[in-house]
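Residue 421 in the working numbering sits at position 368 of the sequence shown, with consecutive numbering throughout. Idealized CB from N, CA, C, for every residue including glycine. To start, the structure itself, in structure tokens.
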Amino acid sequence: MEFLKLSKYNLVKIYFLFLTSIFFLLGFSTTVSAQKKYTVVLDAGHGGKDSGASRGSYKEKKIALQVVLDLGKELLTSKDIKVIYTRKTDDFIELHNRAKIANTKKADLFVSVHCNANNSSKPHGAETYVLGLNGNKENLEISRKENAVILLEDNYKQNYDYDPNSPESLIGLSVLQEENLDLSLGFGGLVQTNFKSLKRYNRKVKQANFLVLRETVMPSVLIELGFLSNKTEGKFLNSRTGQIRMAKAIAKAIKKYIKRLQLNKVQDNYIVKTEKKRTPLKIVVKPKKKSTAEKVVVKKVVKKPIEKVVVKKTPAGVRFKVQIAASRKYIKEASYNFKGLKNVELMFIDNYYKYYYGSTAVYTEIKKVLIEAKKVGYKDAWVVAFKDDQKISIKEALKNL
Numbered sequence: 054m055e056f057l058k059l060s061k062y063n064l065v066k067i068y069f070l071f072l073t074s075i076f077f078l079l080g081f082s083t084t085v086s087a088q089k090k091y092t093v094v095l096d097a098g099h100g101g102k103d104s105g106a107s108r109g110s111y112k113e114k115k116i117a118l119q120v121v122l123d124l125g126k127e128l129l130t131s132k133d134i135k136v137i138y139t140r141k142t143d144d145f146i147e148l149h150n151r152a153k154i155a156n157t158k159k160a161d162l163f164v165s166v167h168c169n170a171n172n173s174s175k176p177h178g179a180e181t182y183v184l185g186l187n188g189n190k191e192n193l194e195i196s197r198k199e200n201a202v203i204l205l206e207d208n209y210k211q212n213y214d215y216d217p218n219s220p221e222s223l224i225g226l227s228v229l230q231e232e233n234l235d236l237s238l239g240f241g242g243l244v245q246t247n248f249k250s251l252k253r254y255n256r257k258v259k260q261a262n263f264l265v266l267r268e269t270v271m272p273s274v275l276i277e278l279g280f281l282s283n284k285t286e287g288k289f290l291n292s293r294t295g296q297i298r299m300a301k302a303i304a305k306a307i308k309k310y311i312k313r314l315q316l317n318k319v320q321d322n323y324i325v326k327t328e329k330k331r332t333p334l335k336i337v338v339k340p341k342k343k344s345t346a347e348k349v350v351v352k353k354v355v356k357k358p359i360e361k362v363v364v365k366k367t368p369a370g371v372r373f374k375v376q377i378a379a380s381r382k383y384i385k386e387a388s389y390n391f392k393g394l395k396n397v398e399l400m401f402i403d404n405y406y407k408y409y410y411g412s413t414a415v416y417t418e419i420k421k422v423l424i425e426a427k428k429v430g431y432k433d434a435w436v437v438a439f440k441d442d443q444k445i446s447i448k449e450a451l452k453n454l
């Protein structure tokens, strides 16, 4: 009987633990599903009747597609990333439709993958392009060649107010593209760093007027994996080993970029200062010369309360700041901890200590501050915006000025 009682007790206990586990797992799955998924649009350059660059058996459209498919497979191992392809087969997709796919799906990042070629076999190395008009003659020539694909499209004159062979077709950046430029540059830097770790020659991040970048409304890059015209590099890019390694390098950069975006999400906007004690103010009263008619009056010492936590609010209206660091642990806001930068501001957001340098209502001024931060070593620093202590997008901030 004692054994039976014990067994029944254990069964009830096990059943209770089972139900508890089920409720916990259901709650956990709900939390995970509620997390934001970041949409990444992967664009394999060229395709179909447009072969792109080619040297012998090396075809840009085939290599770009294979790298993109490998890249997508790698990204899908992350639960917080959604992948959309502009093409998964050997199809010809018009440039404006590639951008349209990204815009319609409200992508968080657009990555276009290409291969380079040159009349000379000497040039080699990988490079990443972001939108811009300040590129040199070589950059403009590369963008002209990539943009020339529109001549293969039907009704291209109706789709684009652009002649790829005319320098006069270059247009200025919109405010939205200006906002995305900083993020694009930051992501491009991550890509190039990873390429460098693969012993690929680093041709760095550059700016050019690629149509496919100009038409998108989110951070966007165009990656040139290397030169098919270079014998060694062409062989590497045409190999499965080379394609997989390049895909993984880009995937690693995308994951790091998204992690940075996640750290930058704001729920609480409290600026936390460490406990700061002040010595009570003592009023010293000097006695006057002795006088039979006058007495010395001693004033009472007034003690000011000790400040434990100071919650500081940014000035009303829009303010731009440069985020230079984020940490799970508190770091004192002293200049020696931040490469000599003074007046670093601390905000505790989403259980992270986030550190900002500079604060101004003028966007052009914060761009100068960003350059200063990068010069001292904060290569991954970027601009953020606040309005009345609430984080907002750069686009929204510029509208409020």
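Evaluate Gln443 with the Cβ neighbour count: other Cβ atoms within 10 Å of its Cβ, from every protein chain shown; 16 or more gives buried, anything less gives exposed.
Using a 10 angstroms sphere on the CB of Gln443, the tally of other CB atoms stays under 16, which defines it as exposed.
Short of 6 Å in beta carbon distance, which residues of its chain neighbour Ala450, apart from the five on each side in sequence? Order them along the chain.
Cβ neighbours of Ala450 beyond the five flanking positions: Val371, Ala438.
Going by beta carbon distance, what residues of the same chain come within less than 6 Å of Leu193, once the five residues before and after it are set aside?
With a pLDDT of 46 at Leu193, under the threshold of 50, the modelled position of this residue cannot be trusted; read the value that follows with caution. For Leu193, same chain residues with a beta-carbon under 6 Å away, outside a window of 5 residues either side, do not exist.
Relative to the C-alpha of Asn169, which residue among Ile297, Phe280, Leu124, Ile424 is closest?
That would be Phe280, whose Cα lies nearest to the Cα of Asn169.
Let me know if Thr181 comes out buried or exposed under the rule of 16 or more other beta-carbons within 10 Å of its beta-carbon.
Buried, because 16 or more other Cβ atoms sit within 10 Å of the Cβ of Thr181.
Can you determine whether any heavy atom of the ligand NAP sits closer than 7 Å to the C-beta of Arg108, and answer yes or no?
In terms of ligand content, the structure shown is empty, and the ligand NAP therefore cannot be addressed.
DSSP on Ser110, reduced to helix/strand/coil?
In this structure, Ser110 counts as coil in the three-state DSSP scheme.
When you compare only the Cα positions, how much space is there between Leu316 and Gly109?
Looking at the backbone, the Cα of Leu316 and that of Gly109 are separated by about 46 Å.
Output yes or no for whether 8 Å exceeds the beta carbon distance between Val258 and Gln245.
Their beta carbons are under 8 Å apart, which means Val258 touches Gln245 by this criterion.
Residue of Lys284, Phe289, Gln260, Glu286 minimising C-alpha distance to Leu275
Nearest C-alpha to Leu275 among Lys284, Phe289, Gln260, Glu286: Gln260.
Name the two residues that bound the continuous alpha helix (DSSP H) containing Met299.
Where Met299 is concerned, the enclosing alpha helix (DSSP H) stretches over 293-316.
DSSP bridge partner residues for Arg372 (one or two, in chain order):
Under DSSP, Arg372 takes part in a beta bridge, and its partners are Phe439.
Thr157 - containing alpha helix (DSSP H), residue span:
Per DSSP, Thr157 belongs to the alpha helix (DSSP H) from 148-157.
Buried or exposed (CB count within 10 angstroms, at least 16 for buried), Val397:
That one is buried.
When you compare each of His99, Glu127, Ile384 to Thr139 by their alpha carbons, which one comes out closest?
Nearest C-alpha to Thr139: His99.
Rounded C-alpha distance that separates Asn262 from Gly241
The straight-line gap from Cα to Cα measures roughly 16 Å.
Buried versus exposed, by CB contacts within 10 Å (16 or more), Ser292
Label assigned to Ser292: exposed.
Do His167 and Glu113 come within 8 Å of each other at the CB atom, strictly closer than that value?
A distance below 8 Å separates the beta carbons of Glu113 and His167.
With distance defined between alpha-carbon atoms, name the residue in Lys385, Lys382, Arg381, Phe391 nearest to Val375.
Measuring from the Cα of Val375, the nearest candidate turns out to be Phe391.
If you reduce the DSSP assignment to three classes, tell me which class Val53 lands in.
Past the boundaries of the shown model lies residue 53; the chain is included only from 54 to 454, so the question cannot be answered.
Same chain, Cβ closer than 7 Å to Ala434, five either side skipped, listed in chain order
Closer than 7 Å at the Cβ level, and outside the excluded window around Ala434, lie Val375, Gln376, Ile377, Leu423, Ala426, Lys427.
Where Ser237 sits in the DSSP three-state scheme:
In the three-state reduction of the DSSP assignment, Ser237 falls in the helix class.
Where does Arg267 fall in DSSP's three states?
Reduced to three states, the DSSP call for Arg267 is helix.
Give the straight-line distance between the Cα atoms of Leu124 and Thr130, rounded to the nearest whole angstrom.
Approximately 10 Å between the Cα atoms of the pair.
Considering only C-alpha positions, which residue in the set Ala117, Asp96, Asn171, Lys89 is nearest to Ile134?
With distances taken between Cα atoms, Ile134 lies closest to Lys89.
Taking only three categories from DSSP, how would you classify Glu286?
DSSP places Glu286 in helix when its eight states are reduced to three.
Going by beta carbon distance, what residues of the same chain come within less than 7 Å of Glu191, once the five residues before and after it are set aside?
Per-residue confidence for Glu191 stands at a pLDDT of 48, beneath the threshold of 50, marking its modelled position as unreliable; the derived number appears in the next sentence. Its chain contains no residue whose beta carbon lies nearer than 7 Å to that of Glu191 once the 5 sequence neighbours on both sides are disregarded.
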